[in-house]
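Residue numbers (the numbering used here), protein chains in the order written: chain G, 1 to 82; chain Z, 1 to 237.
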């Protein structure tokens with residue numbers, strides 16, 4: 001079994017992650033919050049590019065691509081099957 | 001026309017803002033199904049019950065914290081140009097994301113109408129929206145419309161008229177932050193008010209100051225009178 005605490009960068013396709021915190025500051029933090037990457041939100045990893053970076057995440061009904069630079073700083077817990 | 005009231009349209013990209021704008025003004029501003037369609041600000045006019053209105057179609061944004069040129073244009077218009085009414089257009093099928101912008105606008109200005117668009121599409125998806133409950137929770141009128149099929153327009157126009165004639169009053173319910181932030185706001189707010197009496201909402205400016213929004217401070221400096229400038233630099237130290 002996988003460790004349930006993870007960053008979005010560790011996600012595999014199909015994983016649902018409940019966001020706990022954002023380790024980012026300033027404009028990028030604000031931008032991610034605006035797009036729905038807020039603590040408590042459920043995010044699904046929907047696609048990975050061939051080299052694994054960037055990755056696409058579904059968040060409040062939209063698909064957003066994140067670079068590893070950002071996704072590795074968003075922490076959460078695996079929420080796959082309840 | 002000088003005595004026209006100004007109504008600004010704000011909203012996320014792709015919520016049908018331009019469709020609503022065109023339907024209300026009869027203009028053929030190009031609308032398209034992709035994000036960032038509205039690059040600059042379009043303007044059109046409308047008459048209702050003997051009043052003239054200028055409608056201003058602001059660029060679609062997810063936020064108004066000025067991460068991009070579009071957001072700066074939209075934010076500056078709302079806080080500095082002070083339209084008589086700001087109409088926030090939301091996508092009924094994606095309320096969670098869209099309400100983020102609505103809450104930001106409610107912090108900036110008082111006369112706001114929340115216009116929930118694409119209501120027919122949402123109902124087809126089984127989404128039910130209780131606009132009366134939202135009106136109570138937000139403190140401003142919330143109206144469901146379909147810009148494409150011109151549903152809900154009489155009620156929207158009537159609400160615009162009732163705000164202009166002061167038959168109804170908007171009282172946006174403020175977002176309350178934690179004690180530490182609220183305490184700092186209460187210390188900053190009187191100073192902000194003193195510096196620029198007819199400026200943007202002092203609570204909102206205080207929040208932006210606490211967030212270290214330097215871009216906004218520069219913009220305010222540009223727009224304030226010269227003598228006020230000297231004072232503002234003192235407060236910002």
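A virtual CB, placed ideally from N, CA and C, is assigned to each residue, including glycine.
Alpha-carbon to alpha-carbon, residue j and residue i
i: residue 69/G; j: residue 224/Z; result: 39 Å
i: residue 144/Z; j: residue 172/Z; result: 18 Å
i: residue 81/Z; j: residue 174/Z; result: 22 Å
i: residue 207/Z; j: residue 185/Z; result: 7 Å
i: residue 188/Z; j: residue 123/Z; result: 45 Å
i: residue 10/G; j: residue 117/Z; result: 37 Å
i: residue 150/Z; j: residue 115/Z; result: 13 Å
i: residue 183/Z; j: residue 7/G; result: 34 Å
i: residue 69/Z; j: residue 61/Z; result: 10 Å
i: residue 55/Z; j: residue 38/G; result: 33 Å
i: residue 97/G; j: residue 61/G; result: The structure shown does not extend to residue 97/G, since chain G is modelled only from 1 through 82, so no value can be given for it.
i: residue 4/G; j: residue 20/G; result: 12 Å
i: residue 42/Z; j: residue 78/G; result: 45 Å
i: residue 83/Z; j: residue 6/Z; result: 5 Å
i: residue 197/Z; j: residue 29/G; result: 32 Å
i: residue 135/Z; j: residue 94/Z; result: 18 Å
i: residue 97/Z; j: residue 33/G; result: 10 Å
i: residue 140/Z; j: residue 48/G; result: 42 Å
i: residue 91/Z; j: residue 64/Z; result: 17 Å
i: residue 67/Z; j: residue 177/Z; result: 22 Å
i: residue 10/Z; j: residue 66/G; result: 26 Å
i: residue 57/G; j: residue 64/G; result: 5 Å
i: residue 237/Z; j: residue 71/G; result: In this predicted model, residue 237/Z has a pLDDT of only 48, less than 50, meaning its place in the structure is not dependable enough to derive any value.
i: residue 181/Z; j: residue 199/Z; result: 22 Å
i: residue 14/G; j: residue 27/G; result: 29 Å
i: residue 179/Z; j: residue 3/Z; result: 43 Å
i: residue 203/Z; j: residue 107/Z; result: 8 Å
i: residue 168/Z; j: residue 215/Z; result: 35 Å
i: residue 111/Z; j: residue 154/Z; result: 19 Å
i: residue 194/Z; j: residue 221/Z; result: 15 Å
i: residue 217/Z; j: residue 79/Z; result: 13 Å
i: residue 103/Z; j: residue 201/Z; result: 14 Å
i: residue 165/Z; j: residue 44/Z; result: 21 Å
i: residue 125/Z; j: residue 152/Z; result: 19 Å
i: residue 170/Z; j: residue 58/Z; result: 21 Å
i: residue 77/Z; j: residue 113/Z; result: 16 Å
In DSSP terms, what residue i is bridged to
i: residue 58/G; result: 44/G and 63/G
i: residue 86/Z; result: 8/Z and 112/Z
i: residue 52/Z; result: 47/Z
i: residue 220/Z; result: Residue 220/Z pairs with nothing; no bridge assigned.
i: residue 143/Z; result: 115/Z
i: residue 5/G; result: 77/G
i: residue 21/G; result: 75/G
i: residue 73/Z; result: DSSP lists no partner for residue 73/Z.
i: residue 151/Z; result: 146/Z
Chain-ordered chain Z contacts of residue i [CB-CB under 7 Å]
i: residue 16/G; result: Ordered by position in chain Z, no residue passes the 7 Å Cβ test against residue 16/G, which lies about 16 Å from the chain.
i: residue 27/G; result: 67
i: residue 31/G; result: 67
Chain G contact residues for residue i, given Cβ-Cβ distances below 7 Å
i: residue 218/Z; result: Within chain G, no residue comes near residue 218/Z; the closest Cβ sits about 15 Å away, beyond 7 Å.
i: residue 100/Z; result: 34
i: residue 62/Z; result: 34 and 35
CB-CB length for residue i against residue j, believed under 8 Å
i: residue 18/G; j: residue 42/G; result: 6 Å
i: residue 23/Z; j: residue 147/Z; result: 5 Å
i: residue 16/G; j: residue 35/G; result: Incorrect: roughly 17 Å between the Cβ atoms, too far for contact.
9 Å Cβ cut-off: residues of chain G touching residue i
i: residue 206/Z; result: Neighbours of residue 206/Z on chain G: none; closest Cβ ~17 Å, over 9 Å.
i: residue 97/Z; result: 34, 35, 36, 59, 60, 61 and 62
Partner residues on chain Z for residue i, Cβ-Cβ distance less than 8 Å
i: residue 56/G; result: By Cβ distance, chain Z contributes nothing, its closest Cβ being about 16 Å from residue 56/G, past 8 Å.
Any chain B beta carbon closer than 7 Å to residue i
i: residue 60/G; result: Annotation note: the requested chain B is absent from the structure, which comprises protein chains G and Z.
Neighbouring residues, chain G, relative to residue i (Cβ below 8 Å)
i: residue 94/Z; result: 60, 61 and 62
| said: Would the stretch 84-100 of chain Z count as touching the stretch 156-168 of chain Z if we require 3 or more Cβ pairs under 8 Å? | reply: yes
| field | the stretch 67-76 of chain Z in contact with the stretch 43-53 of chain Z per 3-pair CB rule at 8 Å | value | no
| Are there three or more Cβ pairs, one per stretch, closer than 8 Å when the stretch 6-23 of chain Z is compared with the stretch 123-143 of chain Z? | no
| message | Contact between the stretch 30-50 of chain G and the stretch 16-26 of chain Z is defined here as three or more beta-carbon pairs at a separation below 8 Å; is this criterion met? | response | no
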